[in-house]
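In what follows, a structure is listed as structure tokens, so that the remarks can point back to it.
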Amino acid sequence: KQEVTQIPAALSVPEGENLVLNCSFTDSAIYNLQWFRQDPGKGLTSLLLIQSSQREQTSGRLNASLDKSSGRSTLYIAASQPGDSATYLCAVNGGSYIPTFGRGTSLIVHP
Amino acid sequence: KAGVTQTPRYLIKTRGQQVTLSCSPISGHRSVSWYQQTPGQGLQFLFEYFSETQRNKGNFPGRFSGRQFSNSRSEMNVSTLELGDSALYLCASRTSAEGAAFFGQGTRLTVV
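Those protein sequences? They're chains A and B, same order as listed.
Just so you know, we're using the numbering used here here: the first sequence kicks off at 1 and counts up by one.
Just so you know, we're using the numbering used here here: the second sequence kicks off at 1001 and counts up by one.
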């Protein structure tokens, strides 16, 4: 059974810092991994999707990497802003086609 | 292109009642999945429909059911509501099993 762990569970940083959020998974037989952000009480917004054959994906200030063999993905946020404050979740899509979600990293960026 | 639309956004129901939630996927997406999100359990998978057929099901009691129509719109039904069913219910659509998932804004269900 796939298990997904996100570290840290919470993070509070001053504006402008570069951040790394971690996602680890136990079964490396995956199709892809997707990063989301969730604002309080809202749905999930897709940030980046990395296919199993890819090593990284970039969108603006966000960069996600994937190391399937070690079961790890990182989300790098450059020059963080208060608007980046949200919970960040990773979801691993494996053989069952049922995405397994981590519990998320709650990020606060203060001015 | 319109995103995933969930209705209603908020619901208050009494214990023992039943409720139906609706999800309209992104045009062209044939896969619709439903999730329950609570502070204690996080995001839990309920079921997935693809081309009107239930393809996967999570570990929820039979009180939770769903269906998908020919236009890919999906409904989720919960019968005999319990206080513990209070949660944010999210649906997501994808073009295929390997595609990116796009979520709606959710339906906040409160059972009193």
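Beta carbons: idealized from backbone N, C-alpha and C, even for Gly.
Everything numeric in this text was worked out from a predicted model, so none of it was measured.
Between the CA atoms of residue j and residue i - distance to the nearest angstrom
| i | j | result |
| --- | --- | --- |
| A:P117 | A:W35 | As shown, chain A starts at 1 and ends at 111. That puts residue 117 of chain A outside it, with no answer to give. |
| B:V1078 | A:E15 | 43 Å |
| B:T1110 | A:S69 | 42 Å |
| B:L1088 | B:G1042 | 10 Å |
| B:G1040 | B:S1072 | 31 Å |
| A:P82 | A:V13 | 10 Å |
| B:V1004 | B:F1103 | 6 Å |
| A:S116 | B:S1074 | The requested residue 116 of chain A does not occur in the structure, where chain A is confined to residues 1 to 111. |
| B:E1082 | B:S1051 | 30 Å |
C-beta neighbour in chain B for residue i, strict 8 Å
| i | result |
| --- | --- |
| A:R37 | no |
| A:L44 | yes |
| A:R55 | no |
| A:P40 | no |
| A:L49 | yes |
| A:Y31 | yes |
| A:S70 | no |
| A:Q81 | no |
| A:N93 | yes |
| A:Y88 | no |
| A:I98 | yes |
Chain A within 8 Å of residue i, Cβ atoms only
| i | result |
| --- | --- |
| B:R1042 | For the sequence presented, residue 1042 of chain B should be read as Gly rather than Arg. With 8 Å as the cut-off, B:G1042 counts as an interface residue toward chain A. |
| B:G1066 | no |
| B:R1108 | yes |
| B:F1103 | yes |
| B:E1048 | yes |
* Within the chosen definition, does the stretch 18 to 28 of chain A reach the stretch 83 to 96 of chain A through at least 3 CB pairs nearer than 8 Å? -> Yes: at least three Cβ pairs fall under 8 Å.
- Item | Cβ contact check for the stretch 1006 to 1014 of chain B and the stretch 74 to 86 of chain A: 3 or more pairs under 8 Å | No, because fewer than three Cβ pairs between the stretch 1006 to 1014 of chain B and the stretch 74 to 86 of chain A fall closer than 8 Å, the two stretches do not touch.
With 7 Å as the C-beta to C-beta threshold (strictly closer), list the residues of the stretch 1089 to 1101 of chain B near chain A in chain order.
-> Contact residues of the stretch 1089 to 1101 of chain B toward chain A are L1090, A1097, E1098, A1100 and A1101 (C-beta to C-beta distance below 7 Å).
- Query: According to a CB-to-CB cut-off of less than 8 Å, which residues of the stretch 1050 to 1066 of chain B neighbour chain A?
  - Reply: Contact annotation: in the stretch 1050 to 1066 of chain B, residues whose CB is within less than 8 Å of a CB in chain A are R1055, N1056 and G1058.
Is the stretch 49 to 59 of chain A in contact with the stretch 95 to 105 of chain A, if contact means three or more CB pairs nearer than 8 Å? Contact between the stretch 49 to 59 of chain A and the stretch 95 to 105 of chain A is absent: fewer than three C-beta pairs spanning the two stretches fall below 8 Å.
field: Segments of 3+ residues assigned as beta strand (DSSP E) that fall wholly inside the stretch 1080 to 1104 of chain B
entry: As far as the stretch 1080 to 1104 of chain B is concerned, its whole beta strand (DSSP E) runs of at least 3 residues are 1087 to 1094.
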